[in-house]
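A quick write-up on the structure given underneath.
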Amino acid sequence: MKVHFIAIGGSAMHNLAIALCQKGITVTGSDDEIFDPAKSRLEKYGLLPEAFGWHPERITPDLDAVVLGMHARIDNPELLKAQELGLKIYSYPEYLYEQSKDKLRIVVGGSHGKTTTTAMILHVLAHCGIEADYMVGAQLKGFEVMVRLSHTAKVMVIEGDEYLTSPIDRRPKFHLYHPNVAIITGIEWDHINVFPTFDIYREQFSKFIDLIEPIDGIEGTLIYCDEDAEVHRVAVENRRTDIQKLPYVCPEHRVENGVTYLLGTQASRLQAAGTAAHPDAAGTAAHPVPLQVFGHHNLLNLTAARLACRQVGITDEQFDEAISTFEGASKRLELVKKSDSCAVYKDFAHAPSKLRATIHAMREQYPDRRLVACMELHTFSSLTQEFLQQYRGTMDEADVRCVYFSQHALQLKKLPPLDPEEVKKAFEGTPSGTQASRLHAAETAAHPVEVFTDSAAMVAKVKAMDWKDANLLMMSSGNFDGIDFNQLAEEVLI
Numbered sequence: 083m084k085v086h087f088i089a090i091g092g093s094a095m096h097n098l099a100i101a102l103c104q105k106g107i108t109v110t111g112s113d114d115e116i117f118d119p120a121k122s123r124l125e126k127y128g129l130l131p132e133a134f135g136w137h138p139e140r141i142t143p144d145l146d147a148v149v150l151g152m153h154a155r156i157d158n159p160e161l162l163k164a165q166e167l168g169l170k171i172y173s174y175p176e177y178l179y180e181q182s183k184d185k186l187r188i189v190v191g192g193s194h195g196k197t198t199t200t201a202m203i204l205h206v207l208a209h210c211g212i213e214a215d216y217m218v219g220a221q222l223k224g225f226e227v228m229v230r231l232s233h234t235a236k237v238m239v240i241e242g243d244e245y246l247t248s249p250i251d252r253r254p255k256f257h258l259y260h261p262n263v264a265i266i267t268g269i270e271w272d273h274i275n276v277f278p279t280f281d282i283y284r285e286q287f288s289k290f291i292d293l294i295e296p297i298d299g300i301e302g303t304l305i306y307c308d309e310d311a312e313v314h315r316v317a318v319e320n321r322r323t324d325i326q327k328l329p330y331v332c333p334e335h336r337v338e339n340g341v342t343y344l345l346g347t348q349a350s351r352l353q354a355a356g357t358a359a360h361p362d363a364a365g366t367a368a369h370p371v372p373l374q375v376f377g378h379h380n381l382l383n384l385t386a387a388r389l390a391c392r393q394v395g396i397t398d399e400q401f402d403e404a405i406s407t408f409e410g411a412s413k414r415l416e417l418v419k420k421s422d423s424c425a426v427y428k429d430f431a432h433a434p435s436k437l438r439a440t441i442h443a444m445r446e447q448y449p450d451r452r453l454v455a456c457m458e459l460h461t462f463s464s465l466t467q468e469f470l471q472q473y474r475g476t477m478d479e480a481d482v483r484c485v486y487f488s489q490h491a492l493q494l495k496k497l498p499p500l501d502p503e504e505v506k507k508a509f510e511g512t513p514s515g516t517q518a519s520r521l522h523a524a525e526t527a528a529h530p531v532e533v534f535t536d537s538a539a540m541v542a543k544v545k546a547m548d549w550k551d552a553n554l555l556m557m558s559s560g561n562f563d564g565i566d567f568n569q570l571a572e573e574v575l576i
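Positions 83 to 576 (the working numbering) are the ones given, in order, by the sequence shown.
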């Protein structure tokens, strides 16, 4: 079998190409530019194109399939040639479904928490010796690639992104996976360039529920965060009676000496969320379970993963043993370096709810330390004047708040310039006319948000601070224009 990738250098695309190569399929590909780590990894497997650019002559009638990446345009010369030859053209998610349609598909959707929840499920399955195929949006410890496809696995775990499928298919990716077990971790408006209103965005999750399918005569399952009002709304409003709905809330826990422990019984927490306890629920553990991750949002992700693992026969005792060794996904509250009195973390947080949850997690885990939080406005949505208002108060729990954005990024995304003062107002703003707003105004006056358009200036400010009994949190879906986090941590911890 021969498969050609148009835009093979994408983070998801190159992993799928490697997965197919490992499966014994002949893979070729093209792209106009490829950067590391994709470049090195494609080269390792003999999949790096000999020359960059688009080459229609590579599209031949003997190809069994063409996989089209989101990076390619609708007038791509190779795409036009494939269409002319009448070849089967798949988007990335279409091809994943094609490879998994005979497996039990667990699809993790939501505006936040997808990668971590997916990673937790995979970690537990591996720990319990259950073979699984997967697609996840970050490099995971113990997993060589971000996509695995095999002939033998009976389970496929997929991180379900709500962004568009391909240049010629405007459906959200997670609509194409047809889950047997669907998870919704949270709903918060994002991708405003393709979902111009929150109602349109929320509707994508309602459709996701409608696409849940039974398998082998067993009804489909929806697992959803009952603490999220919007998730609760779409789950309750959905009138399907042929699926089981499993709401979840945060499990009982405590933080002691910088370690989070699971407590109590999972069954009772599920009942508190408004559903009967699972018949196999044996309680979280007879003894507290120490975790290597922390934060309310991660405990919610953990509970979603637990419910998903139950669907493939994993007991709570097995889950607890496995999850106690889970160290987190890359760039998700990832520890860079620490000393006895200081720790430096990096996180993928960029959307408003992610900022709030990550900062709260740091505050809860280290209540006696000063918190310096730096975030980068990097995505299309976050750099949009209208969407900026969604960030109001999201960094309030930090003692020092720094926001960075690049004017060059605005130019690349063809967005109008942003005034740093307007960004500052958006982060500090609160509704007027209340006692709470007056208190907030006094607090922000004492600890104002500082906005930077030069990352070097922000780094200089950070390095000049006193780091005794203080933590640094760097949050971005980018890299602050090339900051070396390890080097920064070394200099902060001196």
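We put the CB at the ideal spot given by N, CA and C, even for glycine.
CA-to-CA distance, residue j to residue i, given in whole angstroms
{"i": "His86", "j": "Val218", "result": "22 angstroms"}
{"i": "His273", "j": "His369", "result": "43 angstroms"}
{"i": "Leu570", "j": "Met556", "result": "10 angstroms"}
{"i": "His209", "j": "Pro159", "result": "45 angstroms"}
{"i": "Met444", "j": "Pro175", "result": "35 angstroms"}
{"i": "Glu180", "j": "Gly302", "result": "19 angstroms"}
{"i": "Asp450", "j": "Phe117", "result": "41 angstroms"}
{"i": "Ile405", "j": "Val206", "result": "6 angstroms"}
{"i": "Thr342", "j": "Trp136", "result": "51 angstroms"}
{"i": "Ala317", "j": "Ile300", "result": "20 angstroms"}
{"i": "Ala552", "j": "Arg284", "result": "38 angstroms"}
{"i": "His257", "j": "Leu293", "result": "7 angstroms"}
{"i": "Lys507", "j": "Phe469", "result": "13 angstroms"}
{"i": "Thr108", "j": "Ser173", "result": "18 angstroms"}
{"i": "Ala585", "j": "Ile297", "result": "Outside the shown range of the chain (83 to 576) lies residue 585, about which nothing can therefore be said."}
{"i": "Leu382", "j": "Asn568", "result": "29 angstroms"}
Cβ neighbour criterion (16 or more within 10 Å) applied to residue i
{"i": "His490", "result": "exposed"}
{"i": "Thr198", "result": "buried"}
{"i": "Met83", "result": "exposed"}
{"i": "Met228", "result": "buried"}
{"i": "Met477", "result": "buried"}
{"i": "Lys126", "result": "exposed"}
{"i": "Gln447", "result": "buried"}
{"i": "Met540", "result": "buried"}
{"i": "Met95", "result": "buried"}
{"i": "Ser519", "result": "The predicted model places Ser519 with a pLDDT of 42, which falls under 50 and marks its position as unreliable; any figure quoted below should be read in that light. Exposed, because fewer than 16 other Cβ atoms sit within 10 Å of the Cβ of Ser519."}
{"i": "Gln471", "result": "exposed"}
{"i": "Arg336", "result": "exposed"}
{"i": "Arg438", "result": "buried"}
{"i": "His233", "result": "exposed"}
{"i": "Lys550", "result": "exposed"}
{"i": "Met457", "result": "buried"}
{"i": "Ile305", "result": "buried"}
{"i": "Phe408", "result": "buried"}
{"i": "Ser182", "result": "buried"}
{"i": "Glu270", "result": "buried"}
{"i": "Leu98", "result": "buried"}
Nearest-angstrom Cβ-Cβ length linking residue i and residue j, presumed shorter than 8 angstroms
{"i": "Leu492", "j": "Pro499", "result": "6 angstroms"}
{"i": "Met238", "j": "Tyr216", "result": "7 angstroms"}
{"i": "Val371", "j": "Asp402", "result": "5 angstroms"}
{"i": "Leu186", "j": "Leu204", "result": "Rounded, the Cβ-Cβ distance is 14 angstroms, inconsistent with contact."}
{"i": "Asp481", "j": "Arg452", "result": "5 angstroms"}
{"i": "Ala147", "j": "Lys170", "result": "5 angstroms"}
{"i": "Glu572", "j": "Lys420", "result": "Not confirmed; about 12 angstroms, so no contact."}
Proximity of residue i and residue j at Cβ, strictly below 8 angstroms
{"i": "Phe102", "j": "Leu231", "result": "Here the sequence assigns Leu to residue 102, which means Phe is not the residue at that position. It is a contact, given that the beta carbons lie within the stated cut-off."}
{"i": "Cys307", "j": "Ile266", "result": "yes"}
{"i": "Thr440", "j": "Phe487", "result": "no"}
{"i": "Ile156", "j": "Pro278", "result": "no"}
{"i": "Arg483", "j": "His432", "result": "no"}
{"i": "Val263", "j": "Ala425", "result": "no"}
{"i": "Lys436", "j": "His194", "result": "yes"}
{"i": "Leu459", "j": "Leu497", "result": "no"}
{"i": "Gln286", "j": "Pro254", "result": "yes"}
{"i": "Ala220", "j": "Ser412", "result": "yes"}
{"i": "Phe280", "j": "Gly191", "result": "no"}
{"i": "Gly106", "j": "Ile90", "result": "no"}
{"i": "Ala164", "j": "Ile188", "result": "no"}
{"i": "Val394", "j": "Ile212", "result": "yes"}
{"i": "Gly268", "j": "Asp310", "result": "yes"}
{"i": "Val531", "j": "Phe509", "result": "yes"}
{"i": "Val533", "j": "Leu554", "result": "no"}
{"i": "Asp144", "j": "Pro131", "result": "no"}
Go through the segment 232-299 residue by residue and report every complete run of the alpha helix (DSSP H) that reaches 4 residues or more, in order.
Those alpha helix (DSSP H) runs which fall completely within the segment 232-299 and span 4+ residues are 280-292.
Could you pull out every unbroken alpha helix (DSSP H) segment of at least 4 residues lying fully inside the segment 446-512, listed in chain order?
Listed in chain order, the alpha helix (DSSP H) elements of length 4 or more contained wholly in the segment 446-512 are 467-470, 489-494, 502-510.
Fully enclosed by the segment 119-148, which alpha helix (DSSP H) runs are 4 residues long or longer?
120-126
If you scan the segment 381-428 from start to end, which runs of the beta strand (DSSP E) of 3 or more residues do you find wholly inside it?
416-420
Would you list, in sequence order, the uninterrupted alpha helix (DSSP H) runs of no fewer than 4 residues that lie entirely inside the segment 309-352?
311-319
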